[in-house]
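Chemist: This structure is in structure tokens; I'll ask about it shortly.
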Amino acid sequence: MTTLQDADLLTAIVTPFDSDNHINIDSLKTLTEHLLAGGSNGFVIGGTTGETPTLSHDEKLALYQEFGQIIAGRVPVIAGTGSNNTQETIDFTNEVAAIDGIDYALVVVPPYNKPNQRGMLAHFTAVADQVKIPIIIYNIPGRTGVKMDAQTVVELSQHPNIAGVKQCASLEEMQYIIDHAADDFAVFTGEDAQTLTARVLGANGVISVASHCYVKEMRQMYDQLYAGNYQKAGQLQRLLTPKMAALFMYPSPSPVKAVLNAQGLAAGGCRLPILSLNDKEKRSLETALGLPANSLSTQDLSIDL
Numbered sequence: 249m250t251t252l253q254d255a256d257l258l259t260a261i262v263t264p265f266d267s268d269n270h271i272n273i274d275s276l277k278t279l280t281e282h283l284l285a286g287g288s289n290g291f292v293i294g295g296t297t298g299e300t301p302t303l304s305h306d307e308k309l310a311l312y313q314e315f316g317q318i319i320a321g322r323v324p325v326i327a328g329t330g331s332n333n334t335q336e337t338i339d340f341t342n343e344v345a346a347i348d349g350i351d352y353a354l355v356v357v358p359p360y361n362k363p364n365q366r367g368m369l370a371h372f373t374a375v376a377d378q379v380k381i382p383i384i385i386y387n388i389p390g391r392t393g394v395k396m397d398a399q400t401v402v403e404l405s406q407h408p409n410i411a412g413v414k415q416c417a418s419l420e421e422m423q424y425i426i427d428h429a430a431d432d433f434a435v436f437t438g439e440d441a442q443t444l445t446a447r448v449l450g451a452n453g454v455i456s457v458a459s460h461c462y463v464k465e466m467r468q469m470y471d472q473l474y475a476g477n478y479q480k481a482g483q484l485q486r487l488l489t490p491k492m493a494a495l496f497m498y499p500s501p502s503p504v505k506a507v508l509n510a511q512g513l514a515a516g517g518c519r520l521p522i523l524s525l526n527d528k529e530k531r532s533l534e535t536a537l538g539l540p541a542n543s544l545s546t547q548d549l550s551i552d553l
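Numbering (the numbering used here), first residue to last: 249 to 553.
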């Protein structure tokens, strides 16, 4: 099994749809190879950016099977399996565990139910105890309505079947987790703007949305950091940060899909309740990204910093 220990730039990949709103596997293959060539060295499939809430049970299984074959063991693959129903999460995660090429399961803090810390501990412990694949905790309070405390993450890091966390919270909380978690516990920021700082603090890296559009620049930023060129790495992060923010100025993944479509990567539209960008929104996004006017209405866009 491939591991997370050598991965630092993971893309939370979109789910491309065709004109009939079906999953477009050919476009997924093209996009995946584009991201690998640019410097992504791991993926989350079926996460928030993958519009998982709009995918049926069977669609998710088919998507994961196809993606496992596309990657074929080249980099780690994390598949989204979490829900706000503990038993359903266990059952579905074990279905996904049987798919070749899926290395880890991404299990979100239960949304909507709003469990307390004791409930979160019980939920993740029950899942980890009963599934046949290592799990990654997904702590994203902006979407779940409740935040897992750093101390709770640290306690769960001791479980032998909990391999890491995708953490969307403050850098102070991330520091605490890095300092106190089990030695083999992988810590990834889920906030693109924290990409450089999280790595400097000792995190494994980032699970990124912006890498769809700026994968080469983000890879260069880490490479500059590793070479000791801290000023260049910092300059790249400063240039990227407002563009990363712009990719969330409308409900994700509609901005990223608009850019990918303009690049000819055929990500397609979004499924309701997320709408694809209209012309006015595209113009606003172009301005925020520093792109030429009407460039998001083409299929030959080339973007850079």
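Just so it is clear, CB atoms sit at the ideal spot from N, CA and C, and this is done for glycine as well.
With DSSP run on the structure shown, which of helix, strand or coil describes Tyr-237?
Modeler: Residue coverage of the chain in this structure runs from 249 to 553, which leaves residue 237 outside it and unanswerable.
Chemist: Looking at the structure shown, is Gln-253 part of a helix, part of a strand, or coil, going by DSSP?
Modeler: Residue state, collapsed to three classes: coil.
Chemist: Is the Cβ-Cβ distance between Lys-505 and Gly-516 less than 8 Å?
Modeler: Contact flag set, yes.
Chemist: Taking all protein chains shown into account, do 16 or more other C-beta atoms lie within 10 angstroms of the C-beta of Thr-535, making it buried, or fewer, making it exposed?
Modeler: It counts as exposed.
Chemist: If you drop the 5 nearest sequence neighbours on each side, which residues of the same chain put their C-beta closer than 6 Å to that of Leu-513?
Modeler: Cβ within range, chain order: Leu-279.
Chemist: How is the beta strand (DSSP E) around Phe-372 delimited, first residue to last?
Modeler: Premise fails: Phe-372 lies in the alpha helix (DSSP H), 365–378, not in any beta strand (DSSP E).
Chemist: Smallest Cα separation from Met-396: which of Pro-358, Gln-423, Ile-381?
Modeler: Pro-358
Chemist: In terms of residues, what are the limits of the alpha helix (DSSP H) holding Ser-459?
Modeler: Where Ser-459 is concerned, the enclosing alpha helix (DSSP H) stretches over 459–474.
Chemist: To the nearest angstrom, report how far apart Thr-574 and Thr-437 are at their CA atoms.
Modeler: The structure shown has nothing for residue 574, since the chain only spans 249 to 553.
Chemist: Exposed or buried, Tyr-386, counting other C-beta atoms within 10 Å across all chains shown (16 or more means buried)?
Modeler: buried
Chemist: At the level of alpha carbons, what is the spacing between Tyr-312 and Ile-293?
Modeler: It is roughly 7 Å from the alpha-carbon of Tyr-312 to the alpha-carbon of Ile-293.
Chemist: Within its chain, find whatever has a CB closer than 6 Å to the CB of Gly-328; leave out the 5 residues flanking it on each side and keep chain order.
Modeler: Gly-294, Gly-295, Thr-300, Leu-354
Chemist: Sort out for me which residues DSSP pairs Val-292 with in a bridge.
Modeler: Ala-260, Ile-326
Chemist: What does a CB cutoff of less than 6 Å around Leu-276 pick up in its chain, not counting 5 residues either side in sequence?
Modeler: Pro-264
Chemist: Going straight from the alpha carbon of Ser-532 to that of Phe-496, what length do you get?
Modeler: 12 Å
Chemist: Thinking just about the alpha-carbon of each residue, which of His-428, Leu-444, Asn-332, Val-375 is nearest to the one in Val-401?
Modeler: His-428
Chemist: With 16 as the cutoff for other CB atoms within 10 Å, does Asn-333 come out buried or exposed?
Modeler: Result: exposed.
Chemist: May I ask you to report which of helix, strand or coil DSSP gives Ala-434?
Modeler: strand
Chemist: Which residue wins for smallest C-alpha separation from Leu-369, given the options Gln-399, Val-379, Arg-391, Tyr-360?
Modeler: Gln-399
Chemist: According to DSSP, simplified to helix, strand and coil, what is Ala-506?
Modeler: Of the three classes helix, strand and coil, the one that applies to Ala-506 here is helix, per DSSP.
Chemist: Determine the closest residue to Ile-522 out of Leu-283, Gly-298, Ser-267, with distance taken between C-alpha atoms.
Modeler: Gly-298
Chemist: Suppose the cutoff is 6 Å on Cβ atoms and the five residues either side in sequence are ignored; what does the same chain contact list for Leu-549 look like?
Modeler: The residues are Ala-510, Gln-511, Ser-543.
Chemist: By the DSSP assignment, the beta strand (DSSP E) with Gly-453 in it spans what residues?
Modeler: 453–456
Chemist: Can you tell me whether Leu-553 is buried or exposed, with buried defined as 16 or more other CB within 10 angstroms of its CB?
Modeler: exposed
Chemist: Which of the three DSSP states is assigned to Ala-429 in this structure?
Modeler: coil
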